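Heads up: the protein sequence lines correspond to chains A and B, in order.
According to this note's numbering, the first sequence is numbered sequentially starting from 21.
According to this note's numbering, the second sequence is numbered sequentially starting from 244.
C-beta: ideal position from N, C-alpha, C; glycine also.
Predicted model, so just to flag it, every value in this text is computed and none were measured.
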Amino acid sequence: DVKVTQSSRYLVKRTGEKVFLECVQDMDHENMFWYRQDPGLGLRLIYFSYDVKMKEKGDIPEGYSVSREKKERFSLILESASTNQTSMYLCASSLPRGTNTEAFFGQGTRLTVV
Amino acid sequence: GENVEQHPSTLSVQEGDSAVIKCTYSDSASNYFPWYKQELGKRPQLIIDIRSNVGEKKDQRIAVTLNKTAKHFSLHITETQPEDSAVYFCAASKGGATNKLIFGTGTLLAVQP
Numbered sequence: 021d022v023k024v025t026q027s028s029r030y031l032v033k034r035t036g037e038k039v040f041l042e043c044v045q046d047m048d049h050e051n052m053f054w055y056r057q058d059p060g061l062g063l064r065l066i067y068f069s070y071d072v073k074m075k076e077k078g079d080i081p082e083g084y085s086v087s088r089e090k091k092e093r094f095s096l097i098l099e100s101a102s103t104n105q106t107s108m109y110l111c112a113s114s115l116p117r118g119t120n121t122e123a124f125f126g127q128g129t130r131l132t133v134v
Numbered sequence: 244g245e246n247v248e249q250h251p252s253t254l255s256v257q258e259g260d261s262a263v264i265k266c267t268y269s270d271s272a273s274n275y276f277p278w279y280k281q282e283l284g285k286r287p288q289l290i291i292d293i294r295s296n297v298g299e300k301k302d303q304r305i306a307v308t309l310n311k312t313a314k315h316f317s318l319h320i321t322e323t324q325p326e327d328s329a330v331y332f333c334a335a336s337k338g339g340a341t342n343k344l345i346f347g348t349g350t351l352l353a354v355q356p
């Protein structure tokens with residue numbers, strides 16, 4: 021059974037804190053994604069990684085960074101959390117090519133910055 | 244970069260009616276168009292996808308059509324049931340080595356019993 025697991029379901033952090041969101045997949049997928057989900061705005065891509073140590077900015081990378089030291093793990097970092105980063109964060113992974121490129125999502129992390 | 248627009252943002256239908264959700268994309272190099280369903284409190288899950296070499300694809304009550312010339316694609320759900328109530332997202336990707344997925348803004352479908 022395919023699995024994408026995010027380290028926390030709910031997080032509450034203070035403004036200015038450094039926040040780490042972790043995502044692990046067990047499918048040996050090359051691609052991993054971090055999305056932010058807000059009502060009316062859909063799923064917006066923050067960062068994307070297509071291989072270990074490789075990353076590409078998405079549509080809204082400001083205020084975020086990422087780390088991919090191992091193939092199975094993709095971390096999203098909020099360098100200095102702000103209230104406008106309160107949101108649902110979704111991690112996903114997929115194969116880069118072939119007939120099955122379905123993206124599998126984690127359960128989401130609801131982050132509240134106070 | 245790629246931009247995907249999705250309409251309508253909300254859709255309410257009576258049980259048994261059909262529902263249609265439409266998306267347009269900006270990058271003519273996009274060649275993979277999946278649709279995801281997200282039930283309340285759950286993660287998005289793939290329900291159907293289509294590639295640019297195909298104009299239509301069906302899976303039971305769900306179908307997707309693609310018009311490459313107009314750069315739009317649509318999700319069709321027939322004989323809707325209350326369990327079809329969810330948020331539906333379209334997405335587009337250029338595939339290739341990186342397969343970056345860009346999503347639309349979502350459609351909240353409510354099927355009234």
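Please indicate yes or no: does the CB of residue i lie closer than 7 Å to some heavy atom of the ligand ZN?
i, result
"Gln324(B)", "In terms of ligand content, the structure shown is empty, and the ligand ZN therefore cannot be addressed."
Counting only C-beta atoms, is residue i closer than 8 Å to chain A at any point?
i, result
"Pro251(B)", "no"
"Phe332(B)", "yes"
"Lys343(B)", "yes"
"Leu283(B)", "no"
"Phe346(B)", "yes"
"Arg304(B)", "no"
"Gln268(B)", "It should be noted that the sequence gives Tyr, not Gln, for residue 268(B). No, no contact with chain A."
"Gly349(B)", "yes"
Could you tell me whether the Cβ of residue i comes closer than 8 Å to any Cβ of chain B?
i, result
"Glu5(A)", "The structure shown does not extend to residue 5(A), since chain A is modelled only from 21 to 134, so the question has no answer here."
"Leu131(A)", "no"
"Phe94(A)", "no"
"Gln127(A)", "yes"
"Phe153(A)", "Any property of residue 153(A) remains undetermined from this structure, which presents chain A solely from 21 to 134."
"Leu31(A)", "no"
"Leu65(A)", "yes"
"Leu98(A)", "no"
"Gly83(A)", "no"
"Gly62(A)", "yes"
Should residue i and residue j be called a contact, given that it needs their Cβ atoms to be closer than 8 Å?
i, j, result
"Phe316(B)", "Gly62(A)", "no"
"Glu99(A)", "Ser85(A)", "yes"
"Val134(A)", "Val24(A)", "no"
"His49(A)", "Leu131(A)", "no"
"Cys266(B)", "Glu282(B)", "no"
"Ile293(B)", "Thr350(B)", "no"
"Phe68(A)", "Gly60(A)", "no"
"Pro81(A)", "Ile66(A)", "yes"
"Gly126(A)", "Gln105(A)", "no"
"Ser107(A)", "Arg29(A)", "no"
"Asn296(B)", "Ser269(B)", "no"
"Gln26(A)", "Gly128(A)", "yes"
"Asp327(B)", "Leu289(B)", "no"
Using a Cβ-Cβ distance under 8 Å, would residue i count as near chain C?
i, result
"Leu289(B)", "The structure shown contains no chain C; the protein chains it does contain are A and B."
How many whole angstroms separate the CB atoms of residue i and residue j, which I take to be in contact at a CB cut-off of 8 Å?
i, j, result
"Met52(A)", "Phe94(A)", "4 Å"
"Ala123(A)", "Leu344(B)", "6 Å"
"Ser113(A)", "Thr35(A)", "Rounded, the Cβ-Cβ distance is 31 Å, inconsistent with contact."
"Lys300(B)", "Ile291(B)", "6 Å"
Looking at C-beta atoms only, is the number of pairs between the stretch 327-338 of chain B and the stretch 264-274 of chain B that lie closer than 8 Å three or more? yes
Report the residue ranges of all beta strand (DSSP E) runs contained in full by the stretch 71-98 of chain A; include only those spanning at least 3 residues, in chain order. Here the runs fully enclosed are 74-77, 84-90 and 93-98.
Extract the residue ranges of the beta strand (DSSP E) inside the stretch 268-331 of chain B, only unbroken runs of 3 or more that lie entirely within it. 275-281, 288-294, 299-302, 305-310 and 315-320
Using a Cβ distance threshold of 8 Å, determine whether the stretch 302-311 of chain B contacts the stretch 39-51 of chain A, with at least three qualifying pairs required. no
Cβ contact (3+ pairs, closer than 8 Å) linking the stretch 247-262 of chain B and the stretch 85-92 of chain A: no
Does the stretch 317-330 of chain B come close enough to the stretch 255-269 of chain B to have 3 or more Cβ pairs within less than 8 Å? yes
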